[in-house]
Amino acid sequence: MTSASAPSFNPGKGPGSAVGIALLGFGTVGTEVMRLMTEYGDELAHRIGGPLEVRGIAASDISKPREGVAPELLTEDAFALIEREDVDIVVEVIGGIEYPREVVLAALKAGKSVVTANKALVAAHSAELADAAEAANVDLYFEAAVAGAIPVVGPLRRSLAGDQIQSVMGIVNGTTNFILDAMDSTGADYADSLAEATRLGYAEADPTADVEGHDAASKAAILASIAFHTRVTADDVYCEGISNISAADIEAAQQAGHTIKLLAICEKFTNKEGKSAISARVHPTLLPVSHPLASVNKSFNAIFVEAEAAGRLMFYGNGAGGAPTASAVLGDVVGAARNKVHGGRAPGESTYANLPIADFGETTTRYHLDMDVEDRVGVLAELASLFSEQGISLRTIRQEERDDDARLIVVTHSALESDLSRTVELLKAKPVVKAINSVIRLERD
Ligand code: NDP
Ligand code: HSE
415 MTSASAPSFN PGKGPGSAVG IALLGFGTVG TEVMRLMTEY GDELAHRIGG PLEVRGIAAS
475 DISKPREGVA PELLTEDAFA LIEREDVDIV VEVIGGIEYP REVVLAALKA GKSVVTANKA
535 LVAAHSAELA DAAEAANVDL YFEAAVAGAI PVVGPLRRSL AGDQIQSVMG IVNGTTNFIL
595 DAMDSTGADY ADSLAEATRL GYAEADPTAD VEGHDAASKA AILASIAFHT RVTADDVYCE
655 GISNISAADI EAAQQAGHTI KLLAICEKFT NKEGKSAISA RVHPTLLPVS HPLASVNKSF
715 NAIFVEAEAA GRLMFYGNGA GGAPTASAVL GDVVGAARNK VHGGRAPGES TYANLPIADF
775 GETTTRYHLD MDVEDRVGVL AELASLFSEQ GISLRTIRQE ERDDDARLIV VTHSALESDL
835 SRTVELLKAK PVVKAINSVI RLERD
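Right under this line is the structure:
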């Protein structure tokens, strides 16, 4: 639907017309966007049907040295820049939520199409942004917001628009994948691996959003919204990070032929009432080494999609970094610019399905439990009957002798998350259980 005042069709400026760009942010991503636009300007003009012309670049401090940029392009006043009549597309690569929200909303209201790499913004305010784009009849693109260079938003929105997506599961955070891979391949502990990720520039000075899963949760919200035609925000996503994963967890995973990955999992399923529902969650997950996502190493990202007709698809590549992210941003700029020149709009937000978003407890998971228990007759039977009383079936049990106790590693079959988590609480209360060392969810091939 369009607002009463907005034209229902964008006729375009006509072939050969210049497309004015306002670049907001000139950091890791912004400098690469500018470099690519400058270096490949002629080619991009052919692809679009008119040249891209940068009208201005906003940064927080324009007194910083900026190599190769005409000083008159720089401004600290992003609002004045986006309001200029000769600006058609606003590229937001600032980061954060509140300030970019205001500036992006102002740009959309002023009739500018917006391209953003900002997952935190899109995941928190998708409804408001989509409504503003719709009302102004302009485009809102955010391919770079999920998994950097990897084309996944476009394929979900366009290429798979005729299919029924059942699940989207992926490694969507490069920093945590780097840390887990370092722990897995070198035996290093979490703190040393995080320090290495920081030294190499993968982790930010404050890595909280990465290691606690919030960055991945924003991406999961975006993926679930598009895949299931339902509005999902970051607050709807269950989120657990990797800061509790220990070298002992990694070793136990390896002994069982598994590896640990931080996964974003978005699923459509049938709930207790027999109705379709969706869930989105982020947590450390044990994967068998034969799983396609298990071999995604270092800071790479990958997204695994299952659709009714297409079957299983996997998208793999660089999930972060200036140039890879700028590639996705520029792809969106070309799309938005084509529409400015030739007319029309990109597909907007689709929320017609409006499926209920399940609580985490309603989802089906499998647990890998590592505990220390008393080593005496009857303990195994006592614990096995507790699982059975809670309706949970056990897949494997492994016991290791210790000096004065035993280590028990239990893998369950799939069960309701609420039943599994209640069972862990009951186990903690059992005098024969000395410690629960870790509880990690598990996916199968
Ligand atoms: P940086 O911190 O490197 O750059 C941020 C830029 O924004 C800087 O140029 C800064 O100015 C500018 N800025 C800050 N505040 C303002 C303001 N009030 N007005 C105008 N400009 C401002 O961030 P990144 O380039 O790494 O990230 C940008 C966005 O891209 C974020 O949303 C991020 O999540 C997303 N993204 C980043 C990826 C990456 O690998 N880096 C990957 C995928 C997405 P100044 O130069 O003066 O400091
Ligand atoms: N901090 C993010 C990551 C950047 O590590 O993947 C890309 O969104």
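For the sequence shown, my numbering begins at 415 and goes up steadily by one.
C-beta: ideal position from N, C-alpha, C; glycine also.
Next on the checklist: Just checking LYS533 against the ligand NDP - is the residue's beta carbon closer than 7 Å to any of the ligand's heavy atoms?
Outcome noted: yes
Checklist entry - For the beta strand (DSSP E) that ALA849 lies in, which residues bound it at each end? => result 847 to 856
Checklist entry - In whole angstroms, what is the alpha-carbon distance linking GLU687 and GLY775? => result 15 Å
Checklist entry - Just checking my contact of ILE674 with LEU700 at CB under 8 Å: how many whole Å lie between their CB atoms? => result 6 Å
Checklist entry - Cβ of LEU438 versus every heavy atom of the ligand NDP: is any distance shorter than 7 Å? => result yes
Checklist entry - Are there 16 or more other CB atoms within 10 angstroms of the CB of ALA541, so buried, or fewer, so exposed? => result exposed
Next on the checklist: If I measure Cβ to Cβ from ILE882 and keep anything under 7 Å in the same chain, skipping five residues before and after, which residues do I get?
Outcome noted: With the chain running from 415 to 859 in the structure shown, residue 882 is simply not present.
Checklist entry - Nearest CA to the CA of LEU637: which residue from ASP624, ALA609, ILE656 and LYS682? => result LYS682
Checklist entry - What are the boundary residues of the alpha helix (DSSP H) that ASP629 is part of? => result 628 to 642
Next on the checklist: Do LEU438 and ALA492 count as a contact pair if the criterion is CB distance below 8 Å?
Outcome noted: yes
Next on the checklist: Just checking THR684 against the ligand NDP - is the residue's beta carbon closer than 7 Å to any of the ligand's heavy atoms?
Outcome noted: no
Checklist entry - Would you report the Cα separation of GLU654 and GLU626, rounded to the nearest angstrom? => result 6 Å
Next on the checklist: Could you pull the DSSP bridge partners for GLN813 from this structure?
Outcome noted: LEU822
Item to check | Between the CA atoms of PHE592 and GLU857 - distance to the nearest angstrom | outcome: 20 Å
Checklist entry - PHE801 by DSSP, collapsed to three states: which one? => result helix
Next on the checklist: So, with DSSP's three-state summary, where would you put LEU808?
Outcome noted: strand
Checklist entry - Thinking C-beta only, is VAL529 closer than 8 Å to ALA436? => result no
Checklist entry - Who are THR673's beta bridge partners in DSSP? => result LEU701
Item to check | Exposure of HIS460, with buried meaning 16 or more beta-carbon neighbours within 10 Å | outcome: exposed
Checklist entry - Taking the alpha-carbon positions, what's the ARG645 to ASN532 distance? => result 17 Å
Next on the checklist: Buried or exposed, going by whether 16 or more other CB atoms sit within 10 Å of the CB of ALA849?
Outcome noted: exposed
Next on the checklist: Please state whether the Cβ-Cβ distance between ARG498 and ARG469 is less than 8 Å.
Outcome noted: yes
Next on the checklist: Quick check: the segment 701 to 721 against the segment 580 to 592, are at least 3 beta-carbon pairs closer than 8 Å?
Outcome noted: yes
Item to check | Any 3 or more C-beta pairs closer than 8 Å across the segment 768 to 784 and the segment 828 to 842 | outcome: yes
Next on the checklist: Please tell me whether ILE811 and VAL793 are closer than 8 Å, where the distance is taken between their beta carbons.
Outcome noted: no
Checklist entry - What's the call for GLY576, buried or exposed, on a 16-neighbour Cβ count within 10 Å? => result exposed
Checklist entry - Between ASN851, GLY568, ALA772 and ALA798, which lies nearest to ASN685 when the distance is taken from Cα to Cα? => result ALA772
Checklist entry - Given that a residue counts as buried once 16 or more other Cβ atoms are within 10 Å of its Cβ, and exposed if not, what is VAL560? => result buried
Checklist entry - By Cβ distance, which residues of its chain are closer than 6 Å to GLY426, with the 5 residues on each side in sequence left out? => result VAL755, HIS756 and GLY757
Checklist entry - Alpha carbon to alpha carbon, what distance is there between LEU519 and ALA605? => result 40 Å
Checklist entry - Cβ of SER852 within 8 Å of Cβ of ASP784? => result yes
Item to check | Bridge-paired residues (DSSP) for PHE493 | outcome: None; PHE493 has no bridge partner.
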